[in-house]
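Only one structure is covered here, and it is reproduced in the block below.
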Amino acid sequence: INELANSLISTSDEYDQTVSHISAVFIALIVAGAVSRAAMAALWYVLPAARADGLAVSAGVVPFQSAAIGAILAAAIAFLLLPVTGWAVLLAVVAALTAAMGILAKQQIGGHSGDVLGATQQLAEVVALLAIAATTVAI
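Per our numbering, the sequence shown starts with residue 1133, numbered consecutively.
The following block contains the structure:
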C-alpha cells in the first residue's frame, strides 16, 4: 500500500509540474503578444507614413490615446503575470527594439509602412519571448 501511495503522489507531482509548465508557456505567449502589439501601435503613432500613396496612409493614424492605452495595458499584463525581473527586462528590451526599428525606418524609408509595422511586431514578440525565457530560467 505504501508503494501504491508513493506512486500516486509521484504521478500527482509530475502532473502538477506539467500543468505548471503549460501555464508558464501560455503566460509567456499572452504577455509577448500584448507587448509586441503595443510596440507596433507605438511605432505607428510616432512615425509618419513612408509614402503618400501607400497602404499605410489609407490605414490612417493611431490616436495618442489608443497608443497610450495599448502600452499601459501591455505593461499591466506583463506586470501582473511576470516576476519583477521578467517584466522589467522585457519592457526595456522591447522598448529598445522598437526605438531601433523606428530610427532605422525613419532613416531608410522616411517613416512606417505595413512591412515595417509587421516586422516590428514579429521581432518584438520574438525578443519578448527570449527575454521572458532568459529571466525566468535564471530565477
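Ideal Cβ positions, reconstructed from N, Cα and C, are used throughout, including at glycine.
Taking the alpha helix (DSSP H) that residue i falls in, what are its first and last residues?
i            : result
residue 1229 : 1216 to 1241
residue 1186 : Run containing residue 1186: none; DSSP gives neither H nor E here.
Tell me which residues share the same chain as residue i and place their Cβ nearer than 8 Å to its Cβ, disregarding the 5 neighbours each side in the sequence.
i            : result
residue 1238 : 1179
Please list, in chain order, all residues of the same chain as residue i whose beta carbon is under 7 Å from its beta carbon, the five residues on each side excluded.
i            : result
residue 1174 : 1199, 1203, 1230
residue 1159 : 1213
residue 1234 : 1175, 1178, 1179
Restricting to Cα atoms, I'd like to know which of the options is closest to residue i.
i            : options                : result
residue 1207 : 1260, 1268, 1152, 1196 : 1260
residue 1170 : 1192, 1243, 1215, 1255 : 1255
residue 1186 : 1262, 1257, 1268, 1248 : 1248
Taking all protein chains shown into account, do 16 or more other C-beta atoms lie within 10 angstroms of the C-beta of residue i, making it buried, or fewer, making it exposed?
i            : result
residue 1264 : buried
residue 1253 : buried
residue 1152 : exposed
residue 1226 : buried
Please report how far the alpha carbon of residue i lies from the alpha carbon of residue j, in whole angstroms.
i            : j            : result
residue 1162 : residue 1216 : 17 Å
residue 1194 : residue 1157 : 31 Å
residue 1241 : residue 1184 : 12 Å
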